[in-house]
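Numbering (the numbering used here), first residue to last: 3 to 352.
Ideal placement from N, C-alpha and C gives every residue a C-beta, glycine not left out.
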């Protein structure tokens, strides 16, 4: 009864946290919404300081369209936008990212919204076509003035490189569109992230038959340090296995060589007297060595400082006979091999 009460408290805590976490909307959907909103402004006349379809300038166009389509509030001026974004390599830019230009000497003085296929939408103050138009990065004029791309979306977990904004030097001017203060900067990935997961535990075996078998549930808390290549981490699970009459707390170290892959191993503390599923045979748990496992996860659906993933985990926990001798192969698989399917919520820290 104490085990069930403890596990019920943990479940309520996790569900409460999960329900009140901010809604997660796919970034791809946001990018598409930005492009559609930008297209609505095509033909709008240029107006210095403008923010509406009656007239709009380049940074006002970025500010208004992104705010109205996604709710993301970006800075209002070119200066602030360029300082705010994370500068990204050319092969990383996507729809909805910002493209910057040096139209006044060596100063970054113009901005537009990238819409894919080397095209961008922006508000132009002079030239053969003015107002909000679609242009190409391959056009001679814009190709020679192009200074780079930046994004305001969160860093993907599999991003290992740092994006460096070069050419940022301090300058002063009275023109709101041309003023840029350059600061030598280096944008980095998040130093640390924490994730919480909830799983359904299952396997396909009992001692006497092959069939789908729901074993229990697991709550997991795990932290990852992102500054090292293998992304080391540490995790604690709270695993309830009613068919084995036990509650377990695995504690383990992990490595994540890829964003979609996590390998882990550690010790297991077991409460209750374990029995083989499908029999009354009592067995003995092992504290160390305890557990070995691997997880696969989908790319994160992210917004702000959180991300949601679907996870498939396979783990093997060591059990022995009552006299501490090894179980036979079939019994060890029935007792120790567990598949876990569920959801993972990531929280990113700088």
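In whole angstroms, give me the CA-to-CA distance for residue i and residue j.
i, j, result
"residue 181", "residue 314", "No answer about residue 181 holds up, because its pLDDT of 33 lies below 50 and its placement is not dependable."
"residue 122", "residue 251", "53 angstroms"
"residue 115", "residue 98", "6 angstroms"
"residue 138", "residue 147", "12 angstroms"
"residue 349", "residue 327", "42 angstroms"
"residue 226", "residue 42", "42 angstroms"
"residue 45", "residue 202", "54 angstroms"
"residue 212", "residue 206", "6 angstroms"
"residue 342", "residue 204", "6 angstroms"
"residue 316", "residue 254", "14 angstroms"
"residue 228", "residue 287", "33 angstroms"
"residue 29", "residue 319", "37 angstroms"
"residue 92", "residue 69", "25 angstroms"
"residue 108", "residue 102", "12 angstroms"
"residue 266", "residue 294", "6 angstroms"
"residue 325", "residue 304", "50 angstroms"
"residue 152", "residue 279", "55 angstroms"
"residue 161", "residue 301", "With a pLDDT of only 42 at residue 161, under the threshold of 50, the placement of this residue in the model should not be trusted; the figure read from the coordinates follows. Straight-line Cα distance between these residues: approximately 12 angstroms."
"residue 241", "residue 35", "41 angstroms"
Please name the residue or residues paired with residue i in a DSSP beta bridge.
i, result
"residue 239", "222"
"residue 78", "DSSP lists no partner for residue 78."
"residue 205", "215"
"residue 298", "263, 314"
"residue 194", "227, 351"
"residue 199", "222, 346"
"residue 48", "58"
Tell me where the beta strand (DSSP E) around residue i begins and ends.
i, result
"residue 340", "339 to 351"
"residue 32", "Run containing residue 32: none in the beta strand (DSSP E); it sits in the alpha helix (DSSP H), 29 to 41."
"residue 98", "Looking at the DSSP string, residue 98 is not in any beta strand (DSSP E), and its letter there is neither H nor E."
"residue 90", "88 to 90"
Starting from residue i, follow the alpha helix (DSSP H) in both directions and report where the run begins and ends.
i, result
"residue 62", "60 to 72"
Taking its Cβ as the centre, do 16 or more other Cβ atoms sit within 10 Å of residue i, making it buried, or is it exposed?
i, result
"residue 332", "exposed"
"residue 258", "buried"
"residue 111", "buried"
"residue 129", "exposed"
"residue 432", "Because the chain is modelled from 3 through 352, residue 432 falls outside the range shown and cannot be assessed."
"residue 81", "buried"
"residue 256", "buried"
"residue 156", "buried"
"residue 48", "buried"
"residue 310", "buried"
"residue 149", "buried"
"residue 393", "An answer regarding residue 393 cannot be provided, because it is not within the stretch 3 to 352 covered by the chain."
"residue 71", "buried"
At what residue ranges does the stretch 306 to 334 contain a whole run of the beta strand (DSSP E), taking only runs of 3 or more? 308 to 319
Tell me the start and end of each unbroken alpha helix (DSSP H) in the stretch 103 to 151 that is at least 4 residues and wholly inside, in chain order. 142 to 147
Which residue spans inside the stretch 241 to 291 form an unbroken beta strand (DSSP E) run of at least 3? 248 to 260, 263 to 273
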